[in-house]
Amino acid sequence: MRTADAKGIRQSVELGHREIVHVDGGADPGSPERRRAYLAAMRKHDLSDHIRVIPGQHTEDAGVAAANTLLAEDRLPTAVLAGNDRCAIGLMDVFTRAHVDVPGDISIVGYDDSHLAQLSRIDLTTVRQDTEGLARRTVQFAIGRLEDEDLVPQDFVIDPHLVVRGTTGPAQS
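The sequence shown begins at 3 in our numbering and counts up by one.
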C-alpha cells in the first residue's frame, strides 16, 4: 500500500505558505510514506530550501514538543503538517496557550480525520484516507491468497482526501 499525500502541501502553497514544517511520526505506521510525500511535494513546488522535518511520533506529546521547539525559535513557520491528528492537536494546544493564532499566524494540517478533528472546538484541517477502501482491498487480497497461495502481494494507491476545516488560512506577509 502507498499513499500519495501531497494535498496538504498543495493547499498550503495555494494559500501562500512557503515555510512549511513537517512533524514526523518516527517509526509509527505510515510515517515513512508521509515523510517521503512531504519531501517530494516540497521539491515539486520548488521549496527544497524550506524543507524541515521535526522528529516526532503520532502522539499529542510529540505535537507539544514540536510546538515548544518552534516557539523557542526567532520566527515561526507559516504552516505545519503533523504526522497525524493527535500530533496536530498537541501543536494546537501549545500554540493556543502561547496566544499564537491558528490559522491567522500559523496553519496546521493533521492526518487521519479522527473524530477529534471533527469537533467544533478543534475543527482541524486534515487528510482523510479511504479506510473502507483499504479494508475492502485487504480482505480481497486475503481471500485471494487463501484461494491461491502463489498470489503475489501488490502495491496499490489509496488516494487521500483533504478535509478543509478551520486550522488553515492564508500565509501572513
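In this text, a Cβ means the ideal position worked out from N, Cα and C, and glycines have one as well. Given the structure is predicted, the values throughout are model-derived calculations rather than measurements.
Next on the checklist: Using a Cβ-Cβ cutoff of less than 8 Å, which residues in the same chain neighbour threonine 71 once the five nearest sequence positions on both sides are dropped?
Outcome noted: Taking the sequence shown and counting its residues from 1, the one referred to as residue 71 is at position 69. Only Ile56 meet the Cβ criterion.
Next on the checklist: Please state whether the Cβ-Cβ distance between alanine 39 and alanine 81 is less than 7 Å.
Outcome noted: Locating residue 39 in the sequence shown gives position 37, counting from the first residue. Locating residue 81 in the sequence shown gives position 79, counting from the first residue. No, they are not a contact pair.
Checklist entry - Per DSSP, what kind of secondary structure is histidine 47 in: helix, strand or coil? => result Counting from 1 along the sequence shown, the entry for residue 47 is found at position 45. Histidine 47: coil per DSSP, three-state reduction.
Checklist entry - Which of helix, strand or coil does DSSP assign to arginine 167? => result Position 165 of the sequence shown, counted from the first residue, corresponds to residue 167. Coil, per DSSP.
Next on the checklist: Which residue wins for smallest C-alpha separation from alanine 2, given the options Lys46, Glu62, His101?
Outcome noted: What is shown of the chain runs 3 to 175, which leaves residue 2 out entirely.
Checklist entry - Where does the unbroken alpha helix (DSSP H) through alanine 90 begin, and where does it stop? => result On the sequence shown, residue 90 is found 88 positions in, with the first residue counted as 1. Alanine 90 -> alpha helix (DSSP H) spans 87-99.
Item to check | CA-to-CA distance, arginine 99 to valine 66, given in whole angstroms | outcome: In the sequence shown, residue 66 corresponds to position 64, counting from 1. In the sequence shown, residue 99 corresponds to position 97, counting from 1. One C-alpha to the other measures close to 11 Å.
Item to check | Euclidean distance between Cα positions of alanine 42 and serine 14 | outcome: Here residue 42 corresponds to residue number 40 of the sequence shown, with the count starting at 1. Here residue 14 corresponds to residue number 12 of the sequence shown, with the count starting at 1. Taking the straight line from one Cα to the other gives about 14 Å.
Next on the checklist: With H, G and I counted as helix, E and B as strand and the rest as coil, what does DSSP make of leucine 83?
Outcome noted: Taking the sequence shown and counting its residues from 1, one reaches residue 83 at position 81. Here leucine 83 sits in strand by DSSP.
Next on the checklist: So, at 6 Å on beta carbons, what are the nonlocal neighbours of leucine 136 in its own chain, with the 5 sequence-adjacent residues on each side left out?
Outcome noted: By one-based count along the sequence shown, residue 136 stands at place 134. Correct list, in chain order: Ile160.
Checklist entry - Buried or exposed: arginine 88, going by 16 or more other Cβ atoms within 10 Å of its Cβ? => result For this step, residue 88 is matched to residue 86 along the sequence shown. Answer is buried; the Cβ neighbour count reaches 16.
Item to check | Straight-line Cα distance separating glutamine 142 from leucine 17 | outcome: In the sequence shown, the residue the question calls residue 17 occupies position 15. In the sequence shown, the residue the question calls residue 142 occupies position 140. Each residue's Cα considered, the two are about 40 Å apart.
Next on the checklist: Going by C-alpha to C-alpha distance, which of Arg138, Ala90, Val96 sits closest to aspartate 115?
Outcome noted: Position 113 of the sequence shown, counted from the first residue, corresponds to residue 115. Minimum Cα distance to aspartate 115 is reached at Ala90.
Item to check | leucine 164 versus valine 154 - alpha carbon distance | outcome: Here residue 164 refers to the residue found at position 162 when the sequence shown is read from its first residue. Here residue 154 refers to the residue found at position 152 when the sequence shown is read from its first residue. Roughly 31 Å separates the two Cα atoms.
Checklist entry - What is the DSSP secondary structure of valine 141, reduced to helix, strand or coil? => result Taking the first residue of the sequence shown as 1, we reach residue 141 at position 139. The answer is helix: DSSP assigns valine 141 an H, G or I state.
Checklist entry - For the putative contact between leucine 73 and aspartate 107, defined by C-beta atoms under 8 Å, what is the C-beta separation to the nearest angstrom? => result Working through the sequence shown from its first residue, we reach residue 73 at position 71. Working through the sequence shown from its first residue, we reach residue 107 at position 105. That belief does not hold up - the Cβ atoms of leucine 73 and aspartate 107 are roughly 11 Å apart, past 8 Å.
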